[in-house]
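Now the structure itself:
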């Protein structure tokens, strides 16, 4: 029987791979070699969860004893190096996989923070951090202004999902229901933004 | 009665808000949306203290259970987004608030490091890190060369204040006196640099 | 009698100074003042080991009670500020000192990770991180695309050295022998790359 947690775990892997591939595509823009591809993919795929766990003091880090995560990311990075043109054709797919990963990471980041004793506001912040820090690191290391910060409704979707999850949990809603609700909110907002080209008004001189 | 610690606490909040506003102004230069404003303000306002506590192993982090800090920073960021032109008129004020915050953070950063068992030299370094890391992170994320590092007497003022505090503490001076002396040194040097346009000689080819 | 560990310790210092000097030379390119030189040198010299220990939860950090490390780095940075033209003549020397430091850091980083209970793959990754993170931080703060990631066989050499060390340890080889073998592999690959101008093929549109 397919359990709820095994579905979450599958989404988790999909999201991590989507993050790793987006890192490898950034490495391609910088004309790195294959080792650079792997390192940027690792940074992007594991960055958010690593910062979250450092801030919460959750040691040892989850990937220190999970060689399969490193292997999956390395394989994804090498695959992009070898077959990037085809991946670019699949960029549309990537955006959706990334959105799914973002939705899950925002909710699970908030949950882990709550369990570690953070207050609700800090939990929402950690949800956003978990969902976005990998992508921010990727862009900072590749010397670009992080796209997450300047474009599209990404942080806002993560924040809304984390806020929804935290609110439901605090009002006593069952954990699995709150996870689904938070993910639906985050993914829904992000999906609408992708589909209809929504973006928040940027700051403008007045 | 106004206690010494409540004055320090007020200065702490003023400094954090000054850092947050400087982050929001950097977000304005990058034309981010309002969520980006808040994230950069959070990074700038909490970055220095967070790195200090991570390096010293002081967990849980101070802001995990202090929602009022996050709220103050978010309000400051939104206020800049809405009313930035007026804030730019107030940029002069900001420089002074930032100098006050820097002076306090340099001294308190050194104190916390001493209490955590760091040796005096590491304590001075952590004072400088606490006072400057938020601003460095802000500029790195916004893809600019950190101004702190290239211009004006900022790091030097923080270093002098932290060194003064550490020296006085090691020679047995009462804590509150050492705090005031360290802050006066850091703020005084920075204030003179702002007022008279002082800067250290940059590196020059010879 | 010259012990094996005292030789390693000397190489460690040489590597740290090489990293610090490369940081100061980057500060020179950005026309920083002398305090900026010292800060960039500290970041470059201590960054890799600091991240490694944060990820592994090895606190208190090694440099919190080792003022002599900070002093050596600060002296190196000031020396570059004062006498950079001569250091540039010595850039060839620097590349070799950096290669030696990289080889040692890759092996020791992997060893420390193994001792802290990381699995073999995570240990290799931490070897690479320890050898490269200082240089990556240096370039990120100075707003350049990290050269390590885009050019030359650097990460690959660190990875090969760490992998060699980890494999030998897991097959029961005596520690000192494995350290020497790992360093020879890492240094040898890097030296050949420097000497013969080897590089991996960068990603190319096809």
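Protein chains in written order, with the numbering used here: chain A, 23 to 228; chain B, 23 to 228; chain C, 23 to 228.
Note that beta-carbon positions come from the ideal geometry of N, C-alpha and C, so glycine has one too.
Treat the numbers as computed from the prediction; the structure is a model and nothing was measured.
9 angstroms Cβ cutoff met for residue i and residue j
{"i": "residue 176(C)", "j": "residue 149(C)", "result": "no"}
{"i": "residue 65(C)", "j": "residue 202(C)", "result": "no"}
{"i": "residue 143(C)", "j": "residue 144(B)", "result": "no"}
{"i": "residue 222(C)", "j": "residue 55(A)", "result": "yes"}
{"i": "residue 151(C)", "j": "residue 47(C)", "result": "no"}
{"i": "residue 187(B)", "j": "residue 200(B)", "result": "yes"}
{"i": "residue 191(C)", "j": "residue 147(C)", "result": "no"}
{"i": "residue 216(A)", "j": "residue 121(A)", "result": "yes"}
{"i": "residue 50(A)", "j": "residue 103(A)", "result": "yes"}
{"i": "residue 158(A)", "j": "residue 58(A)", "result": "no"}
{"i": "residue 119(A)", "j": "residue 43(A)", "result": "yes"}
{"i": "residue 63(A)", "j": "residue 106(A)", "result": "no"}
{"i": "residue 74(A)", "j": "residue 141(C)", "result": "no"}
{"i": "residue 52(A)", "j": "residue 167(C)", "result": "yes"}
{"i": "residue 210(A)", "j": "residue 132(A)", "result": "no"}
Rounded separation between residue i and residue j - CA only
{"i": "residue 225(A)", "j": "residue 98(B)", "result": "15 angstroms"}
{"i": "residue 160(A)", "j": "residue 182(A)", "result": "23 angstroms"}
{"i": "residue 36(A)", "j": "residue 80(A)", "result": "23 angstroms"}
{"i": "residue 130(C)", "j": "residue 101(A)", "result": "30 angstroms"}
{"i": "residue 33(A)", "j": "residue 27(A)", "result": "10 angstroms"}
{"i": "residue 213(A)", "j": "residue 30(C)", "result": "55 angstroms"}
{"i": "residue 41(B)", "j": "residue 72(B)", "result": "14 angstroms"}
{"i": "residue 171(C)", "j": "residue 139(B)", "result": "37 angstroms"}
{"i": "residue 195(C)", "j": "residue 61(A)", "result": "29 angstroms"}
{"i": "residue 94(A)", "j": "residue 45(A)", "result": "14 angstroms"}
{"i": "residue 67(C)", "j": "residue 24(C)", "result": "26 angstroms"}
{"i": "residue 123(A)", "j": "residue 90(B)", "result": "30 angstroms"}
{"i": "residue 165(C)", "j": "residue 155(C)", "result": "15 angstroms"}
{"i": "residue 117(A)", "j": "residue 134(A)", "result": "25 angstroms"}
{"i": "residue 189(B)", "j": "residue 169(A)", "result": "45 angstroms"}
{"i": "residue 206(A)", "j": "residue 115(A)", "result": "18 angstroms"}
{"i": "residue 83(C)", "j": "residue 82(A)", "result": "16 angstroms"}
{"i": "residue 208(A)", "j": "residue 197(A)", "result": "16 angstroms"}
{"i": "residue 219(A)", "j": "residue 193(A)", "result": "34 angstroms"}
Partners in chain C for residue i, counting only beta-carbon separations shorter than 7 angstroms
{"i": "residue 54(A)", "result": "171, 172, 224 and 225"}
{"i": "residue 85(A)", "result": "144"}
Interface residues of chain B facing residue i [CB-CB closer than 7 angstroms]
{"i": "residue 158(A)", "result": "163"}
{"i": "residue 30(A)", "result": "Here the premise fails: no neighbours, minimum Cβ distance about 24 angstroms."}
Contacts of residue i in chain C (Cβ-Cβ under 8 angstroms)
{"i": "residue 98(A)", "result": "Per Cβ cutoff of 8 angstroms: no residues; residue 98(A) is ~15 angstroms from chain C at best."}
{"i": "residue 82(A)", "result": "78, 79, 138, 139 and 140"}
{"i": "residue 24(B)", "result": "Simply none; closest approach about 35 angstroms."}
Closer than 7 angstroms at the beta carbon, the chain A residues around residue i
{"i": "residue 168(B)", "result": "The contacting residues do not exist; residue 168(B) stays about 12 angstroms from chain A at best."}
Amino acids of chain A, ordered along the chain, whose beta-carbon sits closer than 8 angstroms to that of residue i
{"i": "residue 181(C)", "result": "57"}
{"i": "residue 143(C)", "result": "89, 92 and 93"}
Amino acids of chain A, ordered along the chain, whose beta-carbon sits closer than 9 angstroms to that of residue i
{"i": "residue 178(C)", "result": "55, 56 and 57"}
{"i": "residue 115(C)", "result": "Near residue 115(C) there are no residues of chain A at all, since even the closest Cβ is about 26 angstroms away, more than 9 angstroms."}
Contact list for residue i against chain C, beta-carbon separation under 9 angstroms
{"i": "residue 130(B)", "result": "Going along chain C, no residue has its Cβ under 9 angstroms from residue 130(B), so there is no contact; the nearest lies around 17 angstroms."}
Per-residue contacts from residue i into chain B (C-beta, under 9 angstroms)
{"i": "residue 103(C)", "result": "225"}
Chain F contact for residue i (CB, 9 angstroms cutoff)
{"i": "residue 188(B)", "result": "Included in the structure are the protein chains A, B and C, with no chain F among them."}
Secondary structure, alpha helix (DSSP H): runs of 4+ residues fully inside the stretch 84–132 of chain B
89–111
Contact list for the stretch 47–71 of chain B against chain A, Cβ threshold 8 angstroms:
49, 50, 52, 53, 54, 55, 56, 57, 58, 59, 61, 62 and 64
List in chain order: all unbroken alpha helix (DSSP H) runs of 4+ residues lying wholly within the stretch 138–206 of chain A.
142–163, 169–172 and 177–192
Given a limit of 7 angstroms on CB to CB distance, which residues of the stretch 180–214 of chain B reach chain C?
181
Runs of 4 residues minimum, wholly inside the stretch 25–86 of chain A: which ones carry the alpha helix (DSSP H) assignment?
26–51 and 56–78
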